[in-house]
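Peer 1: Sharing a structure, written as structure tokens. Questions coming.
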Amino acid sequence: MEITDITGDQTVNAGTDVSMECTVTNLGSSTVSWEKLSIGSRSETLTIGGLVSTEDKRVAIGVRNQDSTTVFRLSMSSVDNEDSGTYRCVTITPFGSVSKTTELSVRGTVGAKITSISDDVTAIPGDIIAMWCIASGLSEGTTVAWERVTSSGVVQLSEGTRRMTSDRRFRILVSVIGEQRSNYTLRLLNVQMRDAGTYRCRMTGTNSESKSLSLFVGRSLSIRALSNDVTVETGETARLVCDVEASVDNEMSVFWQKDGVNISLTTPLLIERATKDDMGIYSCFASDGVNLIVSDVQLIIEFAPNIETELPMRVYFDGGVTDYVVGEVKCVITSNPTPNIEWLGPNGKLISPNSKYRFQVKHRM
């Protein structure tokens, strides 16, 4: 494995979109990462393989393969002065690490701005959630505020490091990323249904830039109604019900399994002209893309008794002596529910258990 090429040093103006490529041959099972080096040999990992590992949404990674060569293209939109520095393409092999570096210099600044914000958040009551907002180029008199936008107005939740709402479930945490970027994380404890809505991260001061996200709150996924054990007779239609309740904001799917095999994607499940082969345990699976739950319903099929096998009685005599050994008379009956069984003798009369006749019943599925 060898890093054969990397984009040369670049000098660009603030606000420009930038990309840099790292070309690797014979990559094999090794993984390539892009890092930005900071003061004191520390580094911030931006990408790992084909995945972005930083919260900065300006960063993207592209991977293309051609024969034995793989190119990892790191892209950043609207770079600012804080993005200046050394970028390293590095891979770890069984024999050690291999790396190459390139320099990026950004002239000027685009001023204070919100560079990225969390994706929309989905939660259930009782959850603890975090919504982050990254800002860069902050100067004196400029800070970041979190707000909740409602139909009746705007509620300020935080400004800078201060909580501005009386609702103590909200927390504001501010951390520094690099030299000129800060992460304003709004935490919400014990989420409730009423918390759903739009949350806005806004720059205060001369720059009124803002970005918003949505919080969706739904009930935890649950099966609201499920059939008890269902009993039908042969030839009838069995109806198995599985009603699922979840947040209306989530896409939900329901499917049925029997003996580990998917048999239906609809509910209720209808089994027409049921036979004894349909008898068994049916599992209802429900998923909202995050949670998966399952419940079972037993289907019982009743069918009339049927004598499938009847073996004749065999009597063995011992050399004409009156002593003899009696064999067994067997009949195999399929039925649900279990039938009452009676034996009749050669004269058509009912046989009762006694010293001469003994009965034994064995049940099998």
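For the sequence shown, full-length UniProt numbering assigns the number 1 to the initial residue and increments by one for each residue that follows.
All C-beta atoms in this analysis are idealised placements derived from N, C-alpha and C, irrespective of residue type, glycine included.
Could you give the C-beta distance for residue 370 and Cys284, rounded to a whole number, given that I count them as a contact under 8 Å?
Peer 2: Given a span of 1 to 365 for the chain in the structure shown, any question on residue 370 remains unanswerable.
Peer 1: To the nearest angstrom, how far is it from the Cα of Tyr324 to the Cα of Thr231?
Peer 2: Unreliable placement is indicated for Tyr324, whose pLDDT of 48 sits below 50; the coordinate value is still reported in the next sentence. The alpha-carbon atoms of Tyr324 and Thr231 are separated by roughly 48 Å.
Peer 1: For Lys211, is the classification buried or exposed, using 16 other Cβ atoms within 10 angstroms of its Cβ as the cut-off for buried?
Peer 2: Buried, since its Cβ has 16 or more Cβ neighbours within 10 Å.
Peer 1: What three-state label does DSSP hand Thr322 in the structure shown?
Peer 2: Low confidence applies to Thr322: its pLDDT is 47, below 50, so where it sits in the model is not reliable enough to give any reading.
Peer 1: With distances taken between CB atoms, is the gap from Val174 to Ser182 smaller than 8 Å?
Peer 2: A contact, by the Cβ cut-off of 8 Å.
Peer 1: Under 8 Å Cβ to Cβ from Cys133, same chain only, skipping five residues before and after it: list those, please.
Peer 2: The answer, listed in chain order, is Ile114, Ser116, Ile117, Ser118, Val144, Trp146, Asn183, Tyr184, Thr185, Leu186, Cys201 and Lys211.
Peer 1: Within 10 Å of its beta-carbon, does Trp343 have 16 or more other beta-carbons around it, so buried, or fewer, so exposed?
Peer 2: So Trp343 ends up on the exposed side.
Peer 1: Taking the alpha-carbon of Trp34 as reference, which of Asp288, Ala274, Gly85 and Asp278 has the nearest alpha-carbon?
Peer 2: Looking at the Cα atoms, Gly85 is the closest of the given residues.
Peer 1: Could you give the DSSP three-state label for Asn13: helix, strand or coil?
Peer 2: Reduced to three states, the DSSP call for Asn13 is strand.
Peer 1: How long is the line joining the alpha carbons of Phe303 and Lys330, rounded to whole angstroms?
Peer 2: Going from the Cα of Phe303 to the Cα of Lys330 covers about 21 Å.
Peer 1: Measure from the alpha carbon of Thr4 to the alpha carbon of each residue in Ser68, Thr47 and Ala60, then state which is nearest.
Peer 2: Closest option to Thr4, Cα to Cα, is Ser68.
Peer 1: At the level of alpha carbons, what is the spacing between Leu270 and Ser264?
Peer 2: Going by the C-alpha atoms only, they are around 9 Å apart.
Peer 1: Determine the direct distance from the alpha carbon of Val98 to that of Gly218, and round the result to whole angstroms.
Peer 2: Straight-line Cα distance between these residues: approximately 48 Å.
Peer 1: With a Cβ-Cβ cutoff of 8 Å, do Ala14 and Thr109 count as a contact?
Peer 2: Yes, the Cβ-Cβ distance between Ala14 and Thr109 is below 8 Å.
Peer 1: Mind checking who Glu35 pairs with in its DSSP beta bridge?
Peer 2: Beta-bridge pairing links Glu35 to Thr45 and Arg88.
Peer 1: What does the Cβ neighbour count give for Tyr357, buried or exposed, with the cut at 16 atoms within 10 Å?
Peer 2: Exposed.
Peer 1: Considering just the uninterrupted stretch of the beta strand (DSSP E) at Leu269, what are its terminal residues?
Peer 2: Residues Leu269 to Ile271.
Peer 1: For Arg148, count neighbouring C-beta atoms within 10 Å of its own C-beta (all shown protein chains included) and say buried if the count is 16 or more, exposed if not.
Peer 2: Classification of Arg148: buried, given that the 10 Å Cβ count is 16 or more.
Peer 1: Is the CB of Ile177 under 8 Å away from at least one CB in chain D?
Peer 2: The chain labelled as chain D is not found in the depicted structure, where only one protein chain is given.
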